[in-house]
Each structure stands twice: as C-alpha cells, then as structure tokens.
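Residue numbers (my numbering), protein chains in the order written: chain A, 170 to 380; chain B, 2 to 338; chain C, -12 to 806. Each residue gets a CB set at the ideal place from its N, CA and C atoms; glycine is no exception. Bear in mind the structure is a predicted one, so any value in this text is a computation, not a measurement. Scroll down for the structure; my scribbles are underneath it.
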Amino acid sequence: MSDKDMADANMMPERGVSRRAFIKGVIAAGAAVSSTAYLFRAPIFGQPGAPGAVERLITLNVNGQMRRVDVMKQETLAMTLRYKLGLTGTKLGCDRSECGACTVLIDDVPHYSCSILTHSVRGRKVVTIEGLAGADGTLHPVQQGVVEEQGFQCAFCMPGFVMAAVGFLKVNPNPTRAELAHGVSGNLCRCQDYDKILTAFMRGAEILRRA
Amino acid sequence: MAVIHDMMPAFELFQPTSIADTLTLLGRYRGDAWVMAGGLDSFDWLKDRIKRPRYVVDIGGVAELKGIRASGAGLEIGAGTTLTEVVRHPVVKEKFGILLEAAEAAASPQIRNQGTIGGNVSQDTRCWYYRAGWSCYRAGGNICYADTPTAINREHAIFDADRCVAVSPSDTAPALIALDAKMVIRNLEGERVVDAENYFIGPGIDITRMNILQPGDLLTAIRIPDTWAGAQFYFEKIADRKVWDFPLVNVASAMVANQSAIQRIRLALNGVAAHPKRLVEVEAAVTGKPRNEQTAEMAGRLAIAGAQPLQHNGYKLPLVKNLVKRAIRGVEGSWTS
Amino acid sequence: MAEYKLIGKNYTTPDLVAKVTGKAKYAEDYRAEGMLFCKLLLSPMPHARVRNIDAREALAMPGVKAILTADELPPPPPPPAPPPGQPAVTQPPNENALTNEPVYQGEPILAVAAVDETTAADAIERIVLDLEPLPFAVDPLDSLRPNGPNARLEGNTYINRELKSLKWTEKDFSDATDGRLPMGEAPDTFSIGDLEAGFKQADLVLDETFLTQSTTHHPLETRTAMATWQNGKLHLYCSTQSTVQTVGNVARWVGIKPEDVVLISEFTGGGFGSKIPGSQTMAIPALLSKKTGQPVMMRISREEEHYIGRARAGVQARARVGFRKDGRITAIDVFTIQDSGPYGAQGDYRNVGIMASLAFQPMAMRWRGVTVLTNTPPRAPQRAPGGQQMNGIFDPIVSKAARKLGIDQVEIRRVNAPSGKATFGPPDPKTGKQGYVTSAFVREALDKGAELFGWEAKKQYSGKRRGSKARGIGVSVSPFNAGSTGFDGLLIIRPDGMLQVQSGVGNLGTHSVIDVTRVAAEMLDMPWDRCEVQFGNTSKHLPWTCVSAGSQTTHAMTRANYAAAMDAKKKLQEIAAKDLGGRAEDYDIGNQRVFRKGSPGSGLTFAQAARRAIQLGGVYDGHELPKDINAFTTRSATALAGTGLMGVARDNYPHDGNTLSHVVAFAEVEVDVETGALRIVEYATVADVGTVLHPHSLSGQVFGGSMLGIGHAISQRWLYDRQYGMPLAKRFHYNGPPTILDAPANVKFAALNIADPETPVGARGVGESPVGAGYAAILTALADALGDDVFRRTPVTPDLILASLELGHGSHDALTTNV
C-alpha cells in the first residue's frame, strides 16, 4: 500500500507535511513480502523424497490472483495472508479458532484461517475481505448492507463476520433472521451489538438476492 | 526452560494423498508422528508447545477418507468427512437424524466446515489442567489436579474415574454409540473393525489415551448399520453457551417402541466420564416397559447409580437423570408467546 | 426540542467503508522496514521474586537482537499526591510494563526481540529464570482471615491510601451464618441520613448476600503495539481508547517528553475500559526499538490479553434493605468486599454504594467497603464499574420485596425512581449536602419501556411453568456517569470552504470520534459532505480531549465542539462586519455564508471568510490563541495556524449538577428446570440519555452494553485454582463471552430524547448504564421464573440452576470467588 492508500483507508484526505514525513520509512503491508522476516526459518527436520513431503515455495490462489510464496511447514493461512501477502484485513482475535475474526472463504466455504495450514490450501481458492469488493470499488452486497445499517462498532470482528455471512448466503440465500444467526454463530463480537449485525446482514442478503 | 505459548514450534510436514502413503508414514514414524485431520484439536496442542511432534501427518488431502457412501445395509462415513457434510447428507437426515443433530451441536459453523467426524470422536479431553500442560497423570505425572478439594472441576467426571477425572468432550460419539456404529481402523498390518463403544477407553485401561488407536493406527471410516435407521431418536446437549461449547452433559438414544412398550433401545451419554458411556443397564431395564413417565423416572434413577460426583459437579447427577428421562419420554417444546 | 439537520439523524460514519473492506489499519496491521518481533516471558507463579535471569543462551541465538528487563524501564509513576493535609503515603511499587516481583501468574518479566517470532519464542524457552516463590492469595475472604495470606509483601488492603495488612477475627467469620457475608473491619464508609430511623420505618427488611464475578475485558483486538523511532521521536502504532490522552502516559512509561511521541491509533478494536489510557506494555516495543535501532512489533496473544488485558473487580456484598408497604425504600445498609487484583484499589465497590443511592433514592443509607488485593490480573474500570455490580446486588432484592409486598416489579421501581435533580452519593463533608444529577427522567423511561415491552400482558407468564419450562419477567433501572466538562474544541474553515474538525477522541467503535463533530457542523450549518474529520494520529494536530471512557465523550466533546463552532461563528461575524460594515451581531450564518440578517444572499462565503481570516491573522487564523485552552491544544492550534479560519475554545459552559444517564431494561426468560438451560425470549430498553446524536450508534451502544451485562448474568466466568493460584479459564470457550445465539432474538429499543438542561445540545453519554440494566433485567427475570434465592452469584449457568433446584444448594456459595 502507498501513503495514498493509507490515507484512503482513513477515508480522510491527507493533511499536513508532518504526517507524510513520519510515514516515510514505514512500508505498509503490500510491499512487505520480501522485507518482513516473519517466520522465515529453515525447517529443522528434512525428509526429502518421503511420500507426502511438501515444498516450501508454493503458489496460492488468493482473491483470484496466483501468488508465489515461501511458507514454513507450521505456518497458518492467517499468518501467510497477513505477513507474507500483505492482506491485513483478515484479523487475528484469538488465533485458536474461537472468535472467527480470521474467517476467510476456501472454495467458497468459511474457515478459520488461524487454524488451517497454508500448505493445506494449495490448489484451492482463497477469498479474503479484500477480495469481496469489485475492482471499481463497488461493495459486495453484504458489505453494502453493513454500510446502509451502520453495522458493527469497533469492527475488528467485521471482516471475519462478513466472510462468514458471505459464505453462509452462498448456500442459504434466503434465510430467516434466526437461520442467519446460526450461520454466523462461529463469530464473536465483543462490542456485542449482535442485533444490528443481523439487521445489516439481512439487508445484505436482500441486496444480494436483488442483484 | 521458560514457558511460552501461541507460537508453533517447527515440525516436518507430510501431506499424503492416499491411505497407503499415510500408513507408510505412520508406520515409519510411529510415536513421533502426529496425525492431523481438521486440525482444530491439534493446533491447540501445537500452539501451546505442549505436544511437540517431530512429524505431522496431515491427512486432509486423502480423498479416500472423505465422503459418505452406502455400505451394505447402512452407511459408511469416511473418517475425514467434515461435520458439515454429515449434517447436510440426505441419508443421514432421513435415517440417522440423531447423528445430524449431534454433529450440528458441535462447535461452530467454521469448525464443522473443517473438523472431521473422525476428529470429533478422537479428540482429546478439554480438562483445563491437562490442556494447560500441568504434569498430571494423563500427561505422564503422578497427580490429578482436578480432583482436589479446591480444584475447579464442574466439567469433570462422575463415572469411571481412575486417578484421572477428565471427560470426553465429543458430541457425535454418544450418537454413534446409540446407532451401534463400527469404527474401521487400519495400519500396515491390516484392518480391524470395532464397535463404537469399544473404541473409547477410560483411564483404567490407558490413562494417556482417549481411544484405542495405537501408534501406526488410522481411523479410516465409521460404518452405521441400518439396525436403527428411522428409529425414534433423542439427542440433547447442555452447555453454557448455545454455540462453540463443549457439553456439560449430552445424551443420545435410539429407540424402537410401539404403543404398549419399548421394544429395543440404545442409550449413551457423554461429558460424564473419560469415555462416552453407554447405559446398558438402563437399556435392559426399560426394554419391554411402556414408554411413560414412570419408566422414564426409573431410567433416570438407574442412570446415575454408581455416580461419584466431585466437589463442584454434583449437578451432573440430576442433569443425567433428567436427560435420560427426556430421552425415554421426550420433552415439551418451548412456549410460544 | 430544536430542529436539527444533523443531530439526531442517521448517517454513515466516514470510516465505515475502510472497516468493511479490510483497509482499516489496527495496530497489528502496520509494517516497517527491518521490523523485529518481540515475545514476552510471563511469570509462571502467582507471586515471586526474580533472583536471577540467565539469558546468555538466548542472546547467543542467531537472530536474537535484544532482551529487555524491568531494570531497564523508567521507574513506575510515583503514587498520587496525598489530599491536602494528609501525609505522603508509602506504596508498593506500582505496576510497570515488566517486573522483578511478579504479583500474578502471567505478569511479564522480560521481553526478547528477534528477527522473527519463531526465533523470539525459541529464545524465551532458552532463558533460565530463578524465582523465589512468595505467598499468594486469590480470594479476598481468604486474605482477610486471621493468618490469611497477603497478596503483597506490604499488605492486602488500602487504608487511608496506604497499603496495610488487614485481618478480621474468627468471630467476624463465625458471626456470619446461613451463607451470609462476614462483615469485619471496613476501612471505607459513607452514610446518608439516619439509618436506624430508616429501618424503623420499614415494614419489610431483607438481608441478602450476593457475589458478582471478576471478568476479563477481552476486547477482540488485543493490546498489540508497534514502535519505531524517527528523528528522536517515538512513533507508536497502538490500540488505545483515547488518542490524545494516551500521549502523556506513553511519554511517562517510555521516559520521554510528550512532544516526542507521535501516537497512531486510527482504529481500535474495542476497549471497554481496558485501554483507557493505552497500556503500559506499549513501552516494551518502544524501548526495544530504541535499544535495537529497528522497528519492533509486539503482537499480544489472546492468552496474554487474559493476563495483562485488565479485568473488572468482582464485588461480594451483603445488603440490608428496608421497605415500606408501598415499596418505598427507607434504608439501605450495604457492606462490600472488592477483589482489586494486585495493584491499585479500584472504585467499583464505592460505586456500588453511590449508584444504589441514585437508582433507589433510599431515605437513609450506609455503605461500607474493603478492597482486598489478590494475586490475579490487574483490574481496571470495565464498562459501568460498580454500576453493573450494584444492579446485580440490589435489583434481585427489590424484585423479591415487590413479590413479598404484592407490588408490581415496575411499580416498586417507579416508587423509588430518581427524578429531576435527584440527589445521590455521599454528602459533602463540609456542607453536609449531597450532590445531584443534572436531570433524570426514570419514571418516563419506565412507563415507555413497560409499554414497549408489553409488561402488563407479559405478567401472565410471570413465574408460570409449562412442562419443564419456566417463564419469568424482570426489570432494572441502571444509572451511570455520563459526561465531563472543560475540554477544548478545534476546527478550521478552510479556504476551499470545507469545515475541518479536529477530533482527539479515540476511534474505539462507539462512533463518538465522528458523532461529536457533527455538533460543530450543525452549529455552523455546514452540509455533512462539506466536512472532514481529522482523528487517530497526534501528528494531525488534535485538541485536548477527554479520555474515551466513563461515558464522558458525548457530553464533554459535544460541548467542546459547540464551543469551537461558536468561536468560529463569532469570527465569521466579525470578519463580515469588518469587510461589509455594521456590527458583528448584525450578521448571521447559514448555507455556508455569513450574511447580513434578513438577506441570506449577501455577505461572504465561508471560503471567502477563510481567506480573509488568513489575511487578518491574529485570532482569526490561530496565530493568537485563547489563554484558557490546554497546552496540548495550543501546540496543535499553533501547527494549524494560517490554514484557515480557526474555531478554538475551551468548554466553559455552566453545568449545574453531575451528569448521569439512566437506562431501564425489561427481559423475559425461559428456563428449563430439568436441564438448567435458559433462553432470553425478549429484551427491551429505554434510554434516558438526553438528546439523541446518532440513532444507529445509540441503539448499538445500548444493546451492546446490555449484552455485556447479559454475559455476566448467564455465562462469563473467571476461574482460579486456589491451591496453585493459577487461572484456568483463559480461553473463550472456558470464560464464556456470549455468542450471537445467546443474545435475545427479539430486541426492542427506544430513547426518550429529552434534552439535558445543563449542556448546550442536551446530549449525555450512554456507554455504561446499559450494562447493569442488561445484567439485572436478566437476573430479576430469572428469579421471577425460578423463585427467589435460587442463585446468589453470577453467572447463573445450568449447573448452578440445577444444583440449587435439585440438590438444594448452588454449585458454589456466594462466599467463594473465582470458582
């Protein structure tokens, strides 16, 4: 991401020189694949040639793009997305498959990306929150529902919640409110405005059906 | 060595694509190998750096382990089939609704999308002392931290404790026992098939394991005979939260009854012992009896015979008693207002 | 009520698209060239002294860059100055980011920075720590027993602000029978009126013991922080509730001047009181970055958050309450024991008394309390600190009295409701007079709520059973603090005609960071699409702002923004008068113009006026500033001077009374008496919070706050093994925050929308009062369904219900904490 993108993320035009000055030197996520050393270590036990042995350099299909990436054996998808591919929209709330903030779609199915090895998603389609909106910025109907209803508060849970809802609606496009609640029940919100979350997603489902 | 959590140590990873390759790896590395299916239980141990296998064998890519197919008079569910696939399968819904209910009661949607039925039945106990890495009996030590006068043991066992008071947390296990399922286990020497109720073991048999799998073994499938297809089923799980929680107690039963009497029944509980507990005496006592409040009452009382509560889990006695009653006579639905 | 164009209207906050597309950056989303990662070594013991740290092997590992220990931190802040006339106090070392005397299991002892997290974690494992175990206590009553353990070497409680050892006698304990709370020496007390006379008037006296649990705040974003130094300045990317008010703390914790801190916190993933002023542990990456010369990321895990992430102070209480036949409360005598964790005393237990005196307006009252230190994680205010506990302690008693006296549960609350400038709290020691609220419309809220909920119709279900399902209905009145005064507003009307409002409020999810700026836009009659809000980064030049806590922001910062807007309006009028003649008061503003009254097409556009302001300089463009604004605002305004017409002012508006809000809640529950399973059938709230600023935010805050209380009622736990002093419920599935399926399916909400008379736009805060309302509406409904005395502690989980109904006792009494 560029400085400009960071300013966009804040939805405010950049003002003043000092901000630009301090951002200088800070490389935002997208450019960090080669510079952030997160988890880059050689494996300790090599067993080349054994059945099922895995290579470290793999290709992932993320948000419709093929990405080459060097992945440790014990690396989870959430870590690869956040620290190797610069996709920090996927959040880590617990890293233990308990809160859902890291939810992404794998072959259209919601998964906790903190609890699946990156090596397990080779050859599968991964979609993160960054992959939902259209290239022109048109929001996905579920995102649009959130905007229209001013859903969520701190929104740290929101990317995961939205991905869970999108995945659920692929299978159940016309749910009741109770069915939708069951569908997204693998996600925790600590601001706990669950009522408005459901209202926003019901609105999103409605927009999705119209689309 | 200072303790640190939440960072998986390095391991060598294998992702075989066939059962044969999997068995080769498990045979080669034996006790050094860790079988990972959905991984939901495994990651906990690995991230806490308490279990530190050298070799992780991820069986998620073994197609032979997945899917639900007809098998003689019944169904065969690959051990690597996800809980969501079980929940959505039309034959499961039509004939074995109790398994659908149990699978749907487990964990959360995302976990059911990834967690397998083999993993759900084979998962380790959630006793927090053991899971925190305390050196208890089950971890190879010589004390049970959960069975002291001041221990926090609301979740723990009321039956069959032997040094360790941990419980099995599986929701699908009692349903499979009620359905008289068979567990298919393979290793390099061959295949063996055991009754579901004999798959699980208590601390008296082996205090470090929850099931009979030995190094080199792989649970490959679960077979459900048609014996109980379309029977009257009852499943109920009581937990603190309505999603993402382990059962305080759950109950599963399959019953064939006519207007005058219960003709045959299988009944199992979980959350009460280190293994899911089939209630053989209750089954025998109610067979031939009318399906009414009196029989249910008798079944409930019998179900808790021999129970030994700990400091903080005495409530499990009335809970078991009431759940067994409900399994026999049913329960009224919620109010509508 | 005034007709507003923006206030009271729904709108889309300008940060929402960034949030919903994943572009919003929280602390862990920042990266920097050469960024290192650090990991913490946590105390394995509940109380110990570090005798030696051998990190040689760790430091020799490739990729390990540095270690940071407690010895390298600036000294912790000194104890607060004593009140006038009192001697300076001796206190134990205050909390610091790292320690050589850990006072709870999980307290950070040291940190290691390395090229990656795996290396840092491996390095931690190679460190050899020599610890001397020290005595510990994890239960207040255990510590108060004769010869009971003290959590600190210096003592176990604060007496006159000094840490002392307090032990009760055997008799104190043996005097308490039937599971009632023992009541020994209580260092803290206040009284209102004549207690004995109050009880003499009572027709019914209830004497009840209740336990409210401690709980970790657990915002979904942990307190991760990343630090880097540039040109001698610390750039800290962190998670905090309060943008501006965190700067001074960071400076203190790191040992630098506030001017040398650039704090970036554009988005914060919740706080609930746990991140009010940031977190001391943010000093760790800052100091490691200084030491290594490289940026350092400290990613805090959920388990670490459980330790260092703050917790609500649990309160055990025994309350005697006297009622007249008509339900009027004649006297309250309440005794409280608070679990304060290992460091400073919390105010929760005192708030129990203060809030009870407001909610129920007792004719006489005595509050007594003792705060006890334990070797459990540090406490901090959690959303409605003490208010929530008060509702749990008192609402079941009031509903029980209603049943005994044959009075409706709503009616007994109406009889005792605060109204108008209701008095509350301890009398002033000098004047003997109590303080009072700015306004209270609780009866109106009860009436509206009863109608919304359908109370009269639902009474037919009260306590009824069908099969194994029991139904109950409940109600609660919950007051809490809702505003402060005296902060600064700062805005610029730019030469391009845009209104730029500087917001120093934290973006923690309440939307108040933006909502309060709409007051400035409203008062200047600016269309919202011609406004920009600057926030989340102190290099953007923000004004002195209240902490985003204590439900202060809406009240404090609507006033400050109102003041800044009025200052800008005055300057617009003055510029117009200078250029176009006449007096300033001949001019009005509207439609982005300043014009002569009566001819809206005349005068100057705001853009023209802004250009004139820059030409005029002086006060008009910020080159001359008011003397009464905070130095922080002066620095920011000076940096912005010359960019347009500046509105800058301190909130000096009069304010008669204390600002508190009230929320009333109604609940219907269904409990299966065979299994203890419960379901919330319906939930309704009415908010008496003054003028509504943003309906979507308000309803969300009220329901979200309610859910926090509901979680305390039905599932949230905090568990300790007493023998080893170790926490057990560190994971979500063990400590049980409520899920979307535990939330009531049928939710109703209304706001009274009656302006508070003591503040310009009439808006008060709302963050906290819903918490106690949600908590106690569920508890009173549960008691209605199950009968009185079924539970004496929370959470009311299935085991507790079953043990009480079927075994005749709860799984745990009200005297044992943390089980």
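Coarse secondary structure for residue i, derived from DSSP in three states
{"i": "Asn617(C)", "result": "coil"}
{"i": "Lys158(C)", "result": "helix"}
{"i": "Trp354(C)", "result": "strand"}
{"i": "Phe325(A)", "result": "coil"}
{"i": "Glu246(C)", "result": "helix"}
{"i": "Cys130(A)", "result": "The question about residue 130(A) has no answer here: the residues shown for chain A are numbered 170 through 380."}
{"i": "Tyr281(A)", "result": "strand"}
{"i": "Thr279(C)", "result": "helix"}
{"i": "Thr864(C)", "result": "The structure shown does not extend to residue 864(C), since chain C spans only -12 to 806, so no value can be given for it."}
{"i": "Tyr336(C)", "result": "helix"}
{"i": "Trp705(C)", "result": "coil"}
{"i": "Gln275(A)", "result": "The sequence shown places Ile at residue 275(A), rather than the Gln named in the question. Correct three-state label for Ile275(A): strand."}
{"i": "Pro757(C)", "result": "helix"}
{"i": "Ala790(C)", "result": "helix"}
{"i": "Tyr(-9)(C)", "result": "coil"}
{"i": "Phe209(A)", "result": "Bear in mind that a pLDDT of 44 at Phe209(A), under 50, signals an unreliable position, so the number given afterwards is only what the model happens to contain. Coil at Phe209(A), not helix or strand."}
Distance between beta carbons of residue j and residue i, contact taken as under 8 Å
{"i": "Tyr(-2)(C)", "j": "Glu208(C)", "result": "The Cβ separation is near 25 Å, so there is no contact."}
{"i": "Lys48(B)", "j": "Met8(B)", "result": "7 Å"}
{"i": "Ile111(C)", "j": "Ile5(B)", "result": "4 Å"}
{"i": "Lys408(C)", "j": "Gly644(C)", "result": "6 Å"}
{"i": "Asp395(C)", "j": "Ala389(C)", "result": "7 Å"}
{"i": "Ala772(C)", "j": "Val651(C)", "result": "About 20 Å; that fails the 8 Å criterion."}
{"i": "Ala162(B)", "j": "Asn154(B)", "result": "Going by Cβ atoms, the distance from Ala162(B) to Asn154(B) rounds to 10 Å, so no, they are not a contact pair."}
{"i": "Asp239(A)", "j": "Arg225(A)", "result": "5 Å"}
{"i": "Arg400(C)", "j": "Val464(C)", "result": "5 Å"}
{"i": "Thr83(B)", "j": "Thr117(B)", "result": "6 Å"}
{"i": "Cys323(A)", "j": "Gly256(C)", "result": "5 Å"}
{"i": "Arg210(C)", "j": "Ile295(C)", "result": "7 Å"}
{"i": "Phe24(C)", "j": "Asp103(C)", "result": "6 Å"}
In DSSP terms, what residue i is bridged to
{"i": "Met256(B)", "result": "Gln233(B), Ile266(B)"}
{"i": "Gln325(C)", "result": "Val302(C), Thr358(C)"}
{"i": "Arg666(C)", "result": "Glu657(C)"}
{"i": "Asp246(B)", "result": "BP columns for Asp246(B) are empty, so no partner."}
{"i": "Glu119(C)", "result": "Arg36(C)"}
{"i": "Trp46(B)", "result": "The partner list for Trp46(B) (beta bridge, DSSP) is empty, contrary to what the question assumes."}
{"i": "Ile179(C)", "result": "Met352(C)"}
{"i": "Trp216(C)", "result": "Leu221(C)"}
{"i": "Asp808(C)", "result": "No answer is possible for residue 808(C): it lies beyond the span of chain C, which begins at -12 and ends at 806."}
{"i": "Pro173(C)", "result": "The sequence shown places Ala at residue 173(C), rather than the Pro named in the question. BP columns for Ala173(C) are empty, so no partner."}
Handout entry: In chain order, each alpha helix (DSSP H) run of at least 4 residues that lies wholly inside the segment 131 to 213 of chain B
Key = 173 to 179, 197 to 200
Practice task
May I have a chain-ordered list of the beta strand (DSSP E) segments no shorter than 3 residues that lie completely inside the segment 525 to 590 of chain C?
Solution key: 574 to 577, 580 to 583
Handout entry: Contact the segment 412 to 425 of chain C vs the segment 636 to 651 of chain C: 3+ CB pairs below 8 Å
Key = yes
Practice task
Report yes or no: do three or more beta-carbon pairs, one from the segment 26 to 43 of chain C and one from the segment 108 to 128 of chain C, lie closer than 8 Å?
Solution key: yes
Handout entry: Segment contact, 8 Å Cβ cut-off, at least three pairs: the segment 275 to 290 of chain A with the segment 300 to 310 of chain C
Key = no
Exercise for the section: Note down, one range per segment and in chain order, each beta strand (DSSP E) of at least 3 residues found wholly within the segment 457 to 491 of chain C. Expected result: 475 to 480, 486 to 489
Practice task
Could you tell me whether the segment 193 to 203 of chain B touches the segment 18 to 26 of chain B, using the rule of 3 or more Cβ pairs below 8 Å?
Solution key: no
Exercise for the section: Check whether the segment 590 to 601 of chain C touches the segment 613 to 623 of chain C, taking contact to mean three or more Cβ pairs, one atom from each stretch, closer than 8 Å. Expected result: no
Exercise for the section: Answer yes if the segment 51 to 58 of chain C comes into contact with the segment 79 to 99 of chain C, meaning at least three C-beta pairs across the two stretches below 8 Å, and no otherwise. Expected result: yes
Handout entry: the segment 322 to 342 of chain C contacting the segment 351 to 371 of chain C, beta-carbon criterion three pairs below 8 Å
Key = yes
Problem - Any 3 or more C-beta pairs closer than 8 Å across the segment 234 to 250 of chain B and the segment 162 to 174 of chain B - result: yes
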